[in-house]
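Peer 1: Numbering that gives the first Met the number 0 puts the first residue of the sequence shown at 0, with every later residue one more than the last.
Even glycine gets a Cβ: it sits at the ideal position worked out from N, Cα and C.
All of these numbers come straight from a predicted model, not from anything done at the bench.
Please see the structure below; I have some questions.
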Amino acid sequence: MSNAKLPSTVRKSKGDDLVVSGNQDYVTMTIADQMFGIPVLQVQDVLGHQRITRIPLAPPEVAGSLNLRGRIVTAIDVRLRLGLTGRPKDKPGMSIVVDLRGELYSLMVDSVGEVLSLTKEDFERNPATLDPRWREVSTGIYRLNGQLMVVLDVPRLLNFTTIETA
Numbered sequence: 000m001s002n003a004k005l006p007s008t009v010r011k012s013k014g015d016d017l018v019v020s021g022n023q024d025y026v027t028m029t030i031a032d033q034m035f036g037i038p039v040l041q042v043q044d045v046l047g048h049q050r051i052t053r054i055p056l057a058p059p060e061v062a063g064s065l066n067l068r069g070r071i072v073t074a075i076d077v078r079l080r081l082g083l084t085g086r087p088k089d090k091p092g093m094s095i096v097v098d099l100r101g102e103l104y105s106l107m108v109d110s111v112g113e114v115l116s117l118t119k120e121d122f123e124r125n126p127a128t129l130d131p132r133w134r135e136v137s138t139g140i141y142r143l144n145g146q147l148m149v150v151l152d153v154p155r156l157l158n159f160t161t162i163e164t165a
């Protein structure tokens with residue numbers, strides 16, 4: 000979205016800008032050419048490609064674990080979690096670190112974008128046409144200049160009982 004004209008309801012956050020009442024800030028990411036967002040307050044860190052240690056007998060979505068400043072972080076392949084094919088080996092990707100109930104998780108994505116401040120009035124419920132696996136882990140969507148941003152619900156994304164394996 001770097002050169003795309005944003006709707007008047009979208010404001011890019013910069014530095015220490017004050018958040019306008021009624022807006023929600025999202026860290027954007029791309030997974031398989033689809034834009035997703037996570038509320039910025041849930042994001043602990045953004046990482047480049049990391050060395051990941053596989054965990055024996057873990058579900059396929061659990062890529063393994065990594066060490067982040069002395070803490071063990073569980074790496075989740077969001078592509079596989081959403082029922083998509085794995086990322087090509089020649090594209091290293093990035094990770095967004097989130098904290099859920101005191102445990103750190105690294106959400107492996109294709110790329111991390113910018114922080115967008117979006118009005119709550121523009122938020123929409125999940126459309127019926129959205130993939131059922133995505134609906135299970137999404138709180139809703141924003142339509143941004145013809146592009147759909149799916150808002151991920153981190154607790155549901157990390158709840159491995161909500162999505163059956165295909």
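Roughly how many angstroms lie between the CA atoms of Y25 and V97, to the nearest whole one?
Peer 2: Within the sequence shown, numbered from 1, the residue matching residue 25 stands at position 26. Within the sequence shown, numbered from 1, the residue matching residue 97 stands at position 98. Roughly 13 Å separates the two Cα atoms.
Peer 1: Between V39 and V111, which are expected to be in contact by the criterion C-beta below 8 Å, what is the C-beta distance as a whole number of angstroms?
Peer 2: Position 40 of the sequence shown, counted from the first residue, corresponds to residue 39. Position 112 of the sequence shown, counted from the first residue, corresponds to residue 111. About 12 Å separates the two Cβ atoms, so there is no contact after all.
Peer 1: S137 and V149 look like a contact to me (Cβ under 8 Å); what is the Cβ gap, rounded to whole Å?
Peer 2: The residue given as residue 137 occupies position 138 in the sequence shown. The residue given as residue 149 occupies position 150 in the sequence shown. Yes, S137 and V149 are in contact; Cβ-Cβ is about 5 Å, under 8 Å.
Peer 1: Run through DSSP, which three-state label would V153 get?
Peer 2: Counting from 1 along the sequence shown, the entry for residue 153 is found at position 154. Note: V153 maps to helix in three-state DSSP.
Peer 1: At which residues does the beta strand (DSSP E) containing V77 begin and terminate?
Peer 2: Taking the first residue of the sequence shown as 1, we reach residue 77 at position 78. Segment V77 to R80 is the alpha helix (DSSP H) holding V77; no beta strand (DSSP E) there.
Peer 1: Between I140 and R68, what straight-line distance do the alpha-carbon atoms span, to the nearest angstrom?
Peer 2: For the purposes of this step, residue 140 is taken as residue 141 along the sequence shown, with counting starting at 1. For the purposes of this step, residue 68 is taken as residue 69 along the sequence shown, with counting starting at 1. When rounded, the distance between both Cα atoms is 34 Å.
Peer 1: Which of the three DSSP states, helix, strand or coil, is assigned to S20?
Peer 2: Translated into the one-based positions of the sequence shown, residue 20 becomes position 21. With a pLDDT of 48 at S20, under the threshold of 50, the modelled position of that residue is not reliable, and no figure is offered here.
Peer 1: Three Cβ pairs or more, each shorter than 8 Å: is that satisfied between the region 91-110 and the region 118-126?
Peer 2: The answer is no - the region 118-126 does not touch the region 91-110, with fewer than three Cβ pairs under 8 Å.
Peer 1: Would you kindly work out how many angstroms separate the C-alpha atoms of L115 and I54, rounded to a whole number?
Peer 2: Your numbering for residue 115 matches position 116 in the sequence shown. Your numbering for residue 54 matches position 55 in the sequence shown. When rounded, the distance between both Cα atoms is 35 Å.
Peer 1: Taking the DSSP output, what are the residues bridged to F122?
Peer 2: Position 123 of the sequence shown, counted from the start, is the residue given in the question as residue 122. Looking at the DSSP assignment, F122 forms no beta bridge with any residue, so it has no partner.
Peer 1: Can you give the Cα-Cα distance for L166 and L79, rounded to whole angstroms?
Peer 2: With the chain represented from 0 up to 165, any question about residue 166 goes unanswered, as that position is not in the structure.
Peer 1: By DSSP, does P131 sit in helix, in strand, or in coil?
Peer 2: In the sequence shown, the residue the question calls residue 131 occupies position 132. If DSSP states are grouped into helix, strand and coil, P131 belongs with the helices.
Peer 1: Determine the burial state of E60: buried for a count of at least 16 other Cβ atoms within 10 Å of its Cβ, exposed for fewer.
Peer 2: To locate residue 60, count along the sequence shown from 1; it is residue 61. E60 comes out buried.
Peer 1: For V77, which residues of its own chain have a beta-carbon under 7 Å away from its beta-carbon, when the five flanking residues on both sides are left out?
Peer 2: The count along the sequence shown starts at 1 and reaches residue 77 at position 78. Hits under 7 Å: I30, L106, M107 and V108.
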